[in-house]
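Going by my numbering, the sequence shown opens with residue 31, and the numbers climb by one from there.
Ideal Cβ placement from N, Cα and C applies to all residues, glycine included.
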Amino acid sequence: MKHCLAVLLFALGALLPVAGGGLPLFAQSADAPAAEASVAADRALLDALQRDAFSYMWDHAYPSGLAFENNRYADGPATTGGTGFGAAAVVVATERGWIAREAAVDRLLTLTAFLRDKTERSRLHGAFPHWLNGVTGATMPFGPQDVGADIVETAFLMQGLIIARNYFDGDGPEAELRARINELWHDVDWAWFTRGPSGSENDGLYWHWSPEYGFAMNMKVTGFNEGMVAYVLALASPTHPIPSEAYAAWSSTDEYRPTGGNGYTLEAGIPYGGPLFITHYSYIGLDPRRLADDKVPHGYWVRNVTQTLMNRAYCLETAPRENRYAADCWGLTSCDAKDCYRYSAPGNDSGTVAPTAALSAMPYTPHYSMQVLEALNGRFRQAMWGPCGPYDAFSLRDDWYARTYQAIDQLPIVCMVENYRSGLLWRLFMNDPDVKRGLDRAGLRPPRPADGFPEMVVALKPDGRGGHVPDACDLRRHPDTGLYAVPYQANKGGAVVLTLTDPAGATRRTFHVRAAPGRNELTFAFRPESPDAVHTLTLDTGDARHSLPLRLH
Numbered sequence: 031m032k033h034c035l036a037v038l039l040f041a042l043g044a045l046l047p048v049a050g051g052g053l054p055l056f057a058q059s060a061d062a063p064a065a066e067a068s069v070a071a072d073r074a075l076l077d078a079l080q081r082d083a084f085s086y087m088w089d090h091a092y093p094s095g096l097a098f099e100n101n102r103y104a105d106g107p108a109t110t111g112g113t114g115f116g117a118a119a120v121v122v123a124t125e126r127g128w129i130a131r132e133a134a135v136d137r138l139l140t141l142t143a144f145l146r147d148k149t150e151r152s153r154l155h156g157a158f159p160h161w162l163n164g165v166t167g168a169t170m171p172f173g174p175q176d177v178g179a180d181i182v183e184t185a186f187l188m189q190g191l192i193i194a195r196n197y198f199d200g201d202g203p204e205a206e207l208r209a210r211i212n213e214l215w216h217d218v219d220w221a222w223f224t225r226g227p228s229g230s231e232n233d234g235l236y237w238h239w240s241p242e243y244g245f246a247m248n249m250k251v252t253g254f255n256e257g258m259v260a261y262v263l264a265l266a267s268p269t270h271p272i273p274s275e276a277y278a279a280w281s282s283t284d285e286y287r288p289t290g291g292n293g294y295t296l297e298a299g300i301p302y303g304g305p306l307f308i309t310h311y312s313y314i315g316l317d318p319r320r321l322a323d324d325k326v327p328h329g330y331w332v333r334n335v336t337q338t339l340m341n342r343a344y345c346l347e348t349a350p351r352e353n354r355y356a357a358d359c360w361g362l363t364s365c366d367a368k369d370c371y372r373y374s375a376p377g378n379d380s381g382t383v384a385p386t387a388a389l390s391a392m393p394y395t396p397h398y399s400m401q402v403l404e405a406l407n408g409r410f411r412q413a414m415w416g417p418c419g420p421y422d423a424f425s426l427r428d429d430w431y432a433r434t435y436q437a438i439d440q441l442p443i444v445c446m447v448e449n450y451r452s453g454l455l456w457r458l459f460m461n462d463p464d465v466k467r468g469l470d471r472a473g474l475r476p477p478r479p480a481d482g483f484p485e486m487v488v489a490l491k492p493d494g495r496g497g498h499v500p501d502a503c504d505l506r507r508h509p510d511t512g513l514y515a516v517p518y519q520a521n522k523g524g525a526v527v528l529t530l531t532d533p534a535g536a537t538r539r540t541f542h543v544r545a546a547p548g549r550n551e552l553t554f555a556f557r558p559e560s561p562d563a564v565h566t567l568t569l570d571t572g573d574a575r576h577s578l579p580l581r582l583h
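Set out below in structure tokens:
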């Protein structure tokens, strides 16, 4: 049925030459068969990836509903943050029809009852530890003094539960689920976690606290790292919010300064940005397209896309050749490695590729991420694809392939791929009234870009002289619409013209659009002669012209 509908839409394209404000634009029906086959293959592969990865939460979790930290041991620790990612993944699975809505609610009722009644949250000021026993709920140590609450892991759990609270909006059991989530959410005493060694509530969040050691670990949550959602939720709490002044600690260090790598400039971060998980975990719910501030005025979307492109560029251009990275074999983040679990990133490179790095980056670099997915399903499938999708990591240099899964690697794949495909989790989280209050108190706002293509970060290429020059944006058809999508900014709105020209400068498409003031999206079908050809999309607002180089795949 879906195949027939897609072919019909492509066929209707001959009758619909122009549109605007995010409405689809279609090409001639002669393009449809080949384009539809390519799109259908992408869609089927993403369906398989998400569904297999979701099985880690659905088929391999504790009976309590908690996610195993990893699958090495039958009685290993459960993970608080991974369980939060899993709760969001349950929403995805329900929406996609992999599980019945009633079964999803029943599982989450079991989980929230366990979190409420069996864990040690009452002695941890409503927060949860990094690891806990999946049967008894007892806290399990994560380190010598890390034997109590972890406020960032707690934030990941609350992020997933808030997403579920907004999705399951019915009566009866769904109302009971929302009530349980509210109880857990309201009981987290975020303000307690600002009372670190200084004793000042304005000092920022502290990562760890335990009855045994207090704040002895003295680890403040400062960026840029995975902890942004902890501050948003701490500011959003209707019962125990932190002072607005405490948020300043998040961006107070040298790790929140402009940096870069391989020609790219990053508005906030360490060189190369660090492991890619920091662009995933907080953005299960936070929509980076809608977030900017004074430190990151171009927005967290541009920041996260840039870090992903830098990570890939390091793998392809800078990393030791013996690591054997390639266009379909890249992506560094924390993961299992041959000898131990490693914090992998440019600058701390163990020669290990983690599939979650590129796959959870699907919203940021869909074509480059799909290249990795195609290789995992192709030349690496026998070694790297198991019952829950791609295994955690592999090293071509060391001829080593993991047979393990990590909840914090596998479950973000489900969520971030869904945000690429539909934006579902972003909508559910960003539209929550509590979250809106937290964003407002943090001073996080939508970017205010100039006209043009501000969300499209042009990839760079070596110039042969030790520097880099702009190359193009590699654009891929969306797997569910079959269309290319290019966001653009037209601040005045009104009549604009977008023109697609080929490498020879010949006009191939012209779109006359009545744009809304602000952000718009051009969607269109097109069959390029070659995926290597660089086309140019030009936006003419009447006041100025803006050009974007594109390779259309």
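Length of the line joining the Cα atoms of Trp360 and Tyr344: Looking up residue 360 in the sequence shown gives position 330. Looking up residue 344 in the sequence shown gives position 314. Their backbone Cα atoms lie some 9 Å apart in a straight line.
At which residue ranges does the region 243-303 contain complete alpha helix (DSSP H) runs of 4 or more residues, listed in the order of the chain? 258-266
Excluding five sequence neighbours on each side, which residues of the same chain lie with their C-beta closer than 8 Å to the C-beta of Glu23? Given a span of 31 to 583 for the chain in the structure shown, any question on residue 23 remains unanswerable.
What are the start and end residues of the beta strand (DSSP E) that includes Arg451? In the sequence shown, residue 451 corresponds to position 421, counting from 1. For Arg451, no beta strand (DSSP E) encloses it; the enclosing alpha helix (DSSP H) starts and ends at 437-451.
Enclosing beta strand (DSSP E) for Tyr92 [first to last residue]: Along the sequence shown, one-based indexing puts residue 92 at 62. Here Tyr92 belongs to no beta strand (DSSP E), and DSSP marks it neither H nor E.
Would a C-beta distance cut-off of 7 Å place Leu154 and Gly178 closer than the cut-off? For this step, residue 154 is matched to residue 124 along the sequence shown. For this step, residue 178 is matched to residue 148 along the sequence shown. Contact flag set, yes.
Using a Cβ-Cβ cut-off of 7 Å (strictly less than) and excluding sequence neighbours within five positions of Thr184, which residues of its own chain qualify? Position 154 of the sequence shown, counted from the start, is the residue given in the question as residue 184. So the qualifying residues of the chain are Thr110, Ala157, Phe158, Val218.
Run through DSSP, which three-state label would Arg557 get? Locating residue 557 in the sequence shown gives position 527, counting from the first residue. Of the three classes helix, strand and coil, the one that applies to Arg557 here is coil, per DSSP.
Nearest to Leu530 (by Cα), restricted to the options Gly512, Thr553, Gly524: In the sequence shown, the residue the question calls residue 530 occupies position 500. The candidate whose alpha carbon is nearest that of Leu530 is Thr553.
Any idea what DSSP makes of Glu551, helix, strand or coil? Taking the first residue of the sequence shown as position 1, residue 551 is located at position 521. The answer is strand: DSSP assigns Glu551 an E or B state.
Under 8 Å by Cβ, that's how I've got Gly315 and Gln440 pegged, so tell me the actual separation to the nearest angstrom. Indexing the sequence shown from 1 puts residue 315 at position 285. Indexing the sequence shown from 1 puts residue 440 at position 410. The pair is not a contact, with the Cβ atoms about 18 Å apart (cut-off 8 Å).
Assuming Pro93 and Glu99 form a contact by the criterion Cβ under 8 Å, report the distance between their Cβ atoms to the nearest whole angstrom. Here residue 93 refers to the residue found at position 63 when the sequence shown is read from its first residue. Here residue 99 refers to the residue found at position 69 when the sequence shown is read from its first residue. Rounded, the Cβ-Cβ distance is 16 Å, inconsistent with contact.
Please look up how many angstroms separate the CB atoms of Ile443 and Leu513, rounded, as I've assumed it's under 8 Å. Residue mapping note: residue 443 aligns to position 413 of the sequence shown, counting from 1. Residue mapping note: residue 513 aligns to position 483 of the sequence shown, counting from 1. The pair is not a contact, with the Cβ atoms about 24 Å apart (cut-off 8 Å).
Between the alpha carbons of Ala384 and Met87, how many angstroms are there, rounded? Taking the first residue of the sequence shown as position 1, residue 384 is located at position 354. Taking the first residue of the sequence shown as position 1, residue 87 is located at position 57. Straight-line Cα distance between these residues: approximately 19 Å.
I'd like the ranges of any beta strand (DSSP E) spanning at least 3 consecutive residues and lying wholly in the region 364-392. Counting whole runs of 3 or more residues, the region 364-392 contains no beta strand (DSSP E) stretch at all.
Can you tell me whether DSSP reads Pro579 as helix, strand or coil? Translated into positions along the sequence shown, residue 579 becomes position 549. Correct three-state label for Pro579: strand.
So which of Ala279, Arg557, Ala525 has the shortest CA-CA distance to His542? Locating residue 542 in the sequence shown gives position 512, counting from the first residue. Cα-wise, what sits closest to His542 is Ala525.
What residue from Asn248, Ala221, Trp237, Glu242 has the CA that sits closest to Pro227's CA? The residue you call residue 227 lines up with position 197 of the sequence shown. Answer by Cα proximity: Asn248.
Look at Val135 and Glu204 and say whether their C-beta atoms are less than 7 Å apart. Sequence index remark: in the sequence shown, residue 135 carries index 105 (1-based). Sequence index remark: in the sequence shown, residue 204 carries index 174 (1-based). Yes, Cβ-Cβ distance for Val135 and Glu204 is below 7 Å.
In terms of residues, what are the limits of the beta strand (DSSP E) holding Tyr197? Start at 1 with the first residue of the sequence shown, and residue 197 comes out as number 167. Per DSSP, Tyr197 belongs to no beta strand (DSSP E); it is in the alpha helix (DSSP H), 181-197.
Cβ-based burial, Thr124 [other Cβ within 10 Å; buried from 16]: For the purposes of this step, residue 124 is taken as residue 94 along the sequence shown, with counting starting at 1. Per the 10 Å Cβ criterion, buried.
Short of 6 Å in beta carbon distance, which residues of its chain neighbour Tyr330, apart from the five on each side in sequence? Order them along the chain. To locate residue 330, count along the sequence shown from 1; it is residue 300. Here the set comprises Pro318, Leu321.
Could you check what DSSP says for Tyr311 in three-state terms: helix, strand or coil? As a first step, residue 311 is located in the sequence shown; it is residue number 281 there, counting from the start. Correct three-state label for Tyr311: helix.
Boundaries (first-last residue) of the alpha helix (DSSP H) holding Leu469: The residue given as residue 469 occupies position 439 in the sequence shown. DSSP places Leu469 in the uninterrupted alpha helix (DSSP H) bounded by 463-472.
Quick check: the Cα distance between Ile300 and Arg73, rounded to an integer number of angstroms? Looking up residue 300 in the sequence shown gives position 270. Looking up residue 73 in the sequence shown gives position 43. Distance between the alpha carbons of Ile300 and Arg73 is about 35 Å.
Sort Leu263, Pro273, Arg210, Glu242 by Cα distance to Gly234 and report the nearest one. The residue labelled residue 234 in the question sits at position 204 within the sequence shown. Measuring from the Cα of Gly234, the nearest candidate turns out to be Pro273.
Using a Cβ distance threshold of 8 Å, determine whether the region 500-517 contacts the region 407-417, with at least three qualifying pairs required. no
Please classify Thr363: is it buried, with 16 or more other beta-carbons within 10 angstroms of its beta-carbon, or exposed? Taking the sequence shown and counting its residues from 1, one reaches residue 363 at position 333. By the neighbour-count rule (16 or more Cβ atoms within 10 Å), Thr363 is buried.
Excluding the five sequence neighbours on either side, which residues of its own chain have a C-beta within less than 6 Å of the C-beta of Met486, listed in chain order? Sequence index remark: in the sequence shown, residue 486 carries index 456 (1-based). Here the set comprises Cys503, Leu578.
Per-residue burial, Gly173 [other beta carbons within 10 Å of its own, 16 or more giving buried]: Residue 173 sits at position 143 when you count from the first residue of the sequence shown. Looking at its Cβ environment, which holds fewer than 16 other Cβ atoms inside 10 Å, Gly173 is exposed.
Contacting residues, own chain, Cβ-Cβ under 6 Å from Leu569 (five flanking each side not counted): The residue labelled residue 569 in the question sits at position 539 within the sequence shown. Closer than 6 Å at the Cβ level, and outside the excluded window around Leu569, lie Tyr518, Leu528, His576.
Express the C-alpha separation of Phe483 and Asp323 in angstroms, rounding to a whole number. In the sequence shown, the residue the question calls residue 323 occupies position 293. In the sequence shown, the residue the question calls residue 483 occupies position 453. Distance between the alpha carbons of Asp323 and Phe483 is about 19 Å.
Less than 7 Å between the C-beta atoms of Pro558 and Leu580, yes or no? Here the question's residue 558 lines up with position 528 in the sequence shown. Here the question's residue 580 lines up with position 550 in the sequence shown. Contact: no.
Rounded Cβ spacing between Ala437 and Gly112 (contact assumed at less than 8 Å): Taking the sequence shown and counting its residues from 1, the one referred to as residue 437 is at position 407. Taking the sequence shown and counting its residues from 1, the one referred to as residue 112 is at position 82. Rounded, the Cβ-Cβ distance is 3 Å, consistent with contact.
Using alpha carbons as the reference points, say which of Ala515, Asp562, Thr566 lies closest to Gly535. Stepping through the sequence shown from its first residue, residue 535 is reached at position 505. Among Ala515, Asp562, Thr566, the Cα nearest to that of Gly535 is on Thr566.
Buried or exposed, going by whether 16 or more other CB atoms sit within 10 Å of the CB of Leu55? Stepping through the sequence shown from its first residue, residue 55 is reached at position 25. At Leu55 the pLDDT is 30, less than 50, meaning the model places this residue with poor confidence; the figure from the coordinates comes in the next sentence. The residue in question, Leu55, is buried, as its Cβ has 16 or more Cβ neighbours within 10 Å.
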